[in-house]
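To start, the structure under review is shown below, and the notes come after it.
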Amino acid sequence: MPQVFSIAWTYRWVFLAALLVPFCISSIVILRLPERYTVISSIELATTLVQGRTQLVEPADQVAKLAIDQYLPIVLAGLETTQSSNLRAHAAGSTVILTESGPLASENRLKDLQEKILGFILRQQKQQANVIRENLTINLNSAKRRIESYDQQIKTIDNRKSEFEARIATQRRSVDTIQKNLAETLRSASPDARIQDAFTNEAKVREFRERLHTEETFSHQIELARTSLDSEAAKIISQRDEQYLTASQNEFLLNSIRDAHVLLQPTKMSGANGPRLLLLILAALVGSLIFATIIVLALGQFRSSPAR
Amino acid sequence: MPALKNAENRKSSGLLALIALYVFAGCVSLIFVAERYQNFHFFYDDRLLQSAVIGAIFSLAISPLFSFTRFSFGWAVGFNLYAIAVGYVWLSFFSPFRYDHDLARISVVTSIGAFLLPALLITSPTKYPSPSLSHSTHAHILLIILMTGILTLGACATYGFRVVGLGEIYAKRAELSYPTALNYLSNICISSLLPYAFACYSVKRRYWMAGFAATIILLFYPVTFSKLVLAAPFWLIFLTALSRWFRARTSAILALFLPTLIGLAAFYLDASRQIFGVINFRMIAIPSSAIDLYFNFFSNHPLTGFCQISFLKAYFGCSYLDQLSVVMQNAYGLGNLNASLIATEGIASVGLEFAPISVFICGLIVAIGNKCSSGLPERFIFISSAVLIQSLVNVALATTLLTHGAVILFLLWWITPRDLESDTRQLGQPEGRIA
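One line per chain: the protein sequences are U and D, in this order. Per the numbering used here, residue 1 is the first one in the first sequence, and the count goes up by one each step. Per the numbering used here, residue 1001 is the first one in the second sequence, and the count goes up by one each step.
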């Protein structure tokens, strides 16, 4: 295969033409491309805490999709413009970034469009955050009401307990009195007492013992009732504590909700045009060089073939 | 002579058809890769197929350059990088990352075009003529290379010599702590010196000695735990066999095309998909995907300004404390991700706008290899550069030149006798008798 450079030299005019014509045409096209720039804006989406982790109220991908599929047509219709839009929205963590490239003349239109879409996103995010807030507030109020109810129940139980304690004390005193009377009766009963007196004493003793038994049974029942009240009180206190926890958690979640906010207002990005233009010119040059080389190499090969 | 020209015309169109077929197979392969390796950011979407096909066809416009230029080191490197670039153009349409894909595609296609111009067209010999070494002196040099390989292997083995399975190599590699000089020497032996010796002996038809060189390369596996080292001897034998049946340019294309087809067949036949994973995913798809990752990373991170080269880092400082491969591992968690010169010297160093200029300079450096190897048998250049080219498609040019010994290979090519193939008469004869 002959040397490439000697072929290029042999067909130098063809080479030059094949190099310069496409390069000049493509350069003119590139240089006549309208000056474009990019308008960029970003919004940080609303977040809430779920199981100890910060979570978006709506996935950022979904919001980005909504921005293009739903809000953009509405905004375009509202702007009463026939121009289409190449707005792009993409999610990056908890942020949605809006970008759009356009010609120099449409700077205000692009900014206006992005501002309106940001407004839509802000409103929609606020609505969603408010739904979560309302739910949490309902839960918080319900927990607070339950706590009040439990407090009332505990108070009632405490009153009943103090009543029971008073009655237990009365019962104890009564039992003590009966026991004292019984002891006295037993002491006064002498072996040489008359038969009639002996019968009377025995009847008294029996009566005291019955009364004593009755009083003791009653005291026991009161004790049982008080124990039952204690366990009921413990149960209610535990339920109340649970409600305290629920209330404090809801309060914490309520405070941890962060509303969406605009991080970057629609801004024109500068300086991207120069290097981009250079790359396109470079691409045109390399492409033209390759085209010219292929043309002369092919020419060299086919010209020297006997079929020609 | 006219018959020869006719044959040349037929060859050119045949080669073009072969490249087109390879591009088609490569794109199909990437569809299958996307089916299995989505966690490595490979995706495919039917709706974008039309755009991707147009992109691939547009990339094919460069391919006539390959059919009209003769084989050289730059040709082989250029074709491998071209395959990576076309792979990237295809993948970019399904890329999940957010950067300017249109501009990135223009940058990559311009870069590969800018690389191919010097790498394919500058093939004339150097100003300084090759020293006409006698065959016996050259034979001594080959023996010295083999001895260097054995001594390096022995030195590495003093730090441990263990045959381990492929699953354990990453853990074992992390434990390696060779002195820097030994590290460099072992890489140079594996990528440049021993493949050079293998190619010389193969061309001279001294197959036992070639086998010996290949065995030394294989023995480096238990000390380096590298898949490339394990595959290198078999790769060299495969390419030697290919180059016996086909011309160098056809062999270079088939060297990628046949494994791709084998991998595609294995996708259905091999349930474990290991063959597909090694060939179509690791060997073919990863270098293209690396460009996508580099574009994404450097679209929102500072450029390196060539500070990935250690001595430049020492002088000028660098935004990155770690090596680039480690930075990419930290960013994407896909392992230490090195990439070809398009990604490293191009995108990472100067950004997508100026990448074509940087890659053009890389093409000029590769053209030095063409000049040094000018006049040598094409088959010899093809075999001796086989392992080095695998390094070039996976790591930066600067790393290949210094760490993998490309500079030494260029030097060896320069001093190699141009009538290497005529030395086959030495078969079975003592060296002393030739003179």
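Where a beta carbon is used, it is the ideal one built from N, C-alpha and C, also for glycine.
| task | Answer yes or no: do Phe1410 of chain D and Gly1369 of chain D have a C-beta to C-beta separation smaller than 7 Å? | result | Residue 1410 of chain D sits at position 410 when you count from the first residue of the second sequence. Residue 1369 of chain D sits at position 369 when you count from the first residue of the second sequence. Closer than 7 Å, so yes.
| said: Please state the DSSP three-state secondary structure of Val1163 of chain D. | reply: Reading the second sequence from its first residue, position 163 is the one you call residue 1163 of chain D. Here Val1163 of chain D sits in coil by DSSP.
| said: Between Gly271 of chain U and chain D, is the shortest Cβ-Cβ distance under 7 Å, so that the two count as touching? | reply: Residue mapping note: residue 271 of chain U aligns to position 271 of the first sequence, counting from 1. Low local confidence applies: a pLDDT of 47 at Gly271 of chain U is under 50, so the model's placement there is unreliable, with the coordinate-based value given in what follows. So, not an interface residue.
| task | Counting only the same chain and skipping the five closest in sequence on each side, list residues whose C-beta sits under 6 Å from that of Leu1182 of chain D. | result | Taking the first residue of the second sequence as position 1, residue 1182 of chain D is located at position 182. Here the set comprises Ala1155.
| Out of U:Gln239, U:Trp13, U:Ala203 and U:Ser288, which has the shortest C-alpha to C-alpha gap to Gln152 of chain U? | Counting from 1 along the first sequence, the entry for residue 152 of chain U is found at position 152. Comparing Cα positions, the closest option is U:Gln239.
| query | In terms of alpha-carbon separation, which member of U:Arg167, U:Val57 and U:Thr200 lies closest to Leu224 of chain U? | reply | Residue mapping note: residue 224 of chain U aligns to position 224 of the first sequence, counting from 1. Taking only the C-alpha atoms, the option nearest Leu224 of chain U is U:Arg167.
| For His1404 of chain D, does the count of other Cβ atoms within 10 angstroms reach 16, so buried, or fall short, so exposed? | Numbered from its first residue, the second sequence carries residue 1404 of chain D at position 404. Result: buried.
| Along the chain, where does the beta strand (DSSP E) that runs through Met1283 of chain D open and close? | For the purposes of this step, residue 1283 of chain D is taken as residue 283 along the second sequence, with counting starting at 1. That residue, Met1283 of chain D, is in no beta strand (DSSP E); it is neither H nor E in DSSP.
| For a contact meaning CB atoms closer than 9 Å, what does Val96 of chain U contact in chain D? | Residue mapping note: residue 96 of chain U aligns to position 96 of the first sequence, counting from 1. The premise fails here: Val96 of chain U is roughly 12 Å from chain D at the closest Cβ pair, so nothing lies under 9 Å.
| query | Would Gly1333 of chain D count as contacting chain U if we go by Cβ distances under 7 Å? | reply | As a working mapping, residue 1333 of chain D is identified with position 333 in the second sequence. No, Gly1333 of chain D lies away from the interface with chain U (no Cβ there is under 7 Å from its Cβ).
| request: Report yes if the C-beta distance between Leu263 of chain U and Glu100 of chain U is below 7 Å; otherwise report no. | output: As a working note, residue 263 of chain U is residue 263 in the first sequence. As a working note, residue 100 of chain U is residue 100 in the first sequence. No, these two residues do not count as a Cβ contact at 7 Å.
| Beta-carbon proximity list for Ile281 of chain U, same chain, < 7 Å, skipping 5 on both sides | Your numbering for residue 281 of chain U matches position 281 in the first sequence. Excluding residues within five positions, the ones whose Cβ falls inside 7 Å are Ser27 and Ile30.
| field | Boundaries (first-last residue) of the alpha helix (DSSP H) holding Ser1132 of chain D | value | For this step, residue 1132 of chain D is matched to residue 132 along the second sequence. Premise fails: Ser1132 of chain D is in no alpha helix (DSSP H) and is neither H nor E.
| message | With H, G and I counted as helix, E and B as strand and the rest as coil, what does DSSP make of Ala260 of chain U? | response | The residue labelled residue 260 of chain U in the question sits at position 260 within the first sequence. Coil at Ala260 of chain U, not helix or strand.
| message | Using a Cβ-Cβ cutoff of 8 Å, what residues of the region 278–289 of chain U are near chain D? List them in chain order. | response | Leu278, Leu279, Leu280, Leu282, Ala283, Val286, Gly287 and Leu289
| request: Run down chain D in chain order and give the residues with a C-beta less than 7 Å from the C-beta of Arg276 of chain U. | output: Taking the first residue of the first sequence as position 1, residue 276 of chain U is located at position 276. Within chain D, the residues near Arg276 of chain U are Leu1103 and Glu1353.
| request: Measure the alpha-carbon distance for Asn201 of chain U versus Ser162 of chain U and round it to whole angstroms. | output: Translated into positions along the first sequence, residue 201 of chain U becomes position 201. Translated into positions along the first sequence, residue 162 of chain U becomes position 162. Each residue's alpha carbon lies about 38 Å from the other.
| Presumed contact (8 Å Cβ cut-off) between His90 of chain U and Arg1036 of chain D, rounded CB distance | The residue you call residue 90 of chain U lines up with position 90 of the first sequence. The residue you call residue 1036 of chain D lines up with position 36 of the second sequence. With a Cβ gap of about 27 Å, His90 of chain U and Arg1036 of chain D do not count as contacting.
| message | Once DSSP output is grouped into helix, strand and coil, what is the label at Leu1312 of chain D? | response | Within the second sequence, residue 1312 of chain D is the residue found at index 312, counting from 1. Helix at Leu1312 of chain D.
| field | From U:Thr48, U:Ala233 and U:Ala17, residue whose alpha carbon lies closest to that of Ser149 of chain U | value | To locate residue 149 of chain U, count along the first sequence from 1; it is residue 149. When each option's Cα is compared against that of Ser149 of chain U, the closest is U:Ala233.
| What first and last residue would you give for the beta strand (DSSP E) that runs through Thr48 of chain U? | Translated into positions along the first sequence, residue 48 of chain U becomes position 48. Looking at the DSSP string, the run of the beta strand (DSSP E) that includes Thr48 of chain U is Thr47 to Val50.
| query | How many angstroms separate the CA atom of Ala18 of chain U from the CA atom of Leu1401 of chain D? | reply | One-based indexing of the first sequence puts residue 18 of chain U at position 18. One-based indexing of the second sequence puts residue 1401 of chain D at position 401. Going by the C-alpha atoms only, they are around 35 Å apart.
| Can you list, in chain order, the residues of its chain whose CB lies under 7 Å from that of Ser94 of chain U, leaving out five sequence neighbours each side? | Position 94 of the first sequence holds residue 94 of chain U. Excluding sequence neighbours, Ser94 of chain U sits near Glu44, Leu45, Thr47, Leu56 and Ala60.
| query | In chain D, what lies closer than 7 Å to Ile294 of chain U by C-beta? | reply | For the purposes of this step, residue 294 of chain U is taken as the residue at position 294 of the first sequence. Chain D residues near Ile294 of chain U: Pro1064, Leu1065 and Phe1068.
| query | Ordered along the chain, which non-local residues of its own chain (more than five positions away) have a Cβ less than 7 Å from that of Ser1358 of chain D? | reply | Here residue 1358 of chain D corresponds to residue number 358 of the second sequence, with the count starting at 1. The answer, listed in chain order, is Glu1345, Gly1346, Ser1349 and Val1350.
| query | Which runs of the alpha helix (DSSP H), 4 residues or longer, sit entirely within the region 13–69 of chain U? | reply | 60–66
| query | Can you give the beta carbon distance from Phe208 of chain U to Ile236 of chain U, rounded, assuming they're within the 8 Å contact cut? | reply | Against the first sequence, residue 208 of chain U aligns to sequence position 208. Against the first sequence, residue 236 of chain U aligns to sequence position 236. Not confirmed; about 42 Å, so no contact.
| query | Is DSSP giving Gly271 of chain U helix, strand or coil here? | reply | Residue mapping note: residue 271 of chain U aligns to position 271 of the first sequence, counting from 1. Because the pLDDT of Gly271 of chain U is 47, which lies under 50, any placement of that residue in the model is unreliable, and the question is left without a value.
| said: Please classify Glu1353 of chain D as buried or exposed, where buried requires at least 16 other C-beta atoms within 10 Å of its C-beta. | reply: Translated into the one-based positions of the second sequence, residue 1353 of chain D becomes position 353. Looking at its Cβ environment, which holds 16 or more other Cβ atoms inside 10 Å, Glu1353 of chain D is buried.
| query | From Tyr1207 of chain D to Ala1199 of chain D, what distance separates their C-alpha atoms? | reply | As a working mapping, residue 1207 of chain D is identified with position 207 in the second sequence. As a working mapping, residue 1199 of chain D is identified with position 199 in the second sequence. Going by the C-alpha atoms only, they are around 10 Å apart.
| message | Taking DSSP's pairing of strands, which residues face Thr95 of chain U in a bridge? | response | Residue mapping note: residue 95 of chain U aligns to position 95 of the first sequence, counting from 1. In the DSSP output, where bridge partners are listed per residue, Thr95 of chain U has U:Glu44 and U:Ala92.
| query | Using a beta-carbon distance below 7 Å, is Gly1305 of chain D in contact with chain U? | reply | The residue labelled residue 1305 of chain D in the question sits at position 305 within the second sequence. By this cut-off, Gly1305 of chain D is not an interface position.
| query | What are the start and end residues of the alpha helix (DSSP H) that includes Thr170 of chain U? | reply | Working through the first sequence from its first residue, we reach residue 170 of chain U at position 170. Per DSSP, Thr170 of chain U belongs to the alpha helix (DSSP H) from Glu107 to Ser188.
| task | Kindly give me the distance between the Cβ atoms of Val1077 of chain D and Val1366 of chain D, rounded to whole angstroms, as I take these residues to be in contact under 8 Å. | result | Counted from its first residue, the second sequence places residue 1077 of chain D at position 77. Counted from its first residue, the second sequence places residue 1366 of chain D at position 366. Right, the Cβ-Cβ distance comes to about 5 Å (below 8 Å), so this counts as a contact.
| Could you give the distance in angstroms between the alpha-carbon of Val1203 of chain D and the alpha-carbon of Ala1210 of chain D? | Residue mapping note: residue 1203 of chain D aligns to position 203 of the second sequence, counting from 1. Residue mapping note: residue 1210 of chain D aligns to position 210 of the second sequence, counting from 1. Cα to Cα, Val1203 of chain D sits roughly 9 Å from Ala1210 of chain D.
| message | Count Cβ pairs between the region 243–260 of chain U and the region 130–138 of chain U that sit closer than 8 Å; are there 3 or more? | response | yes
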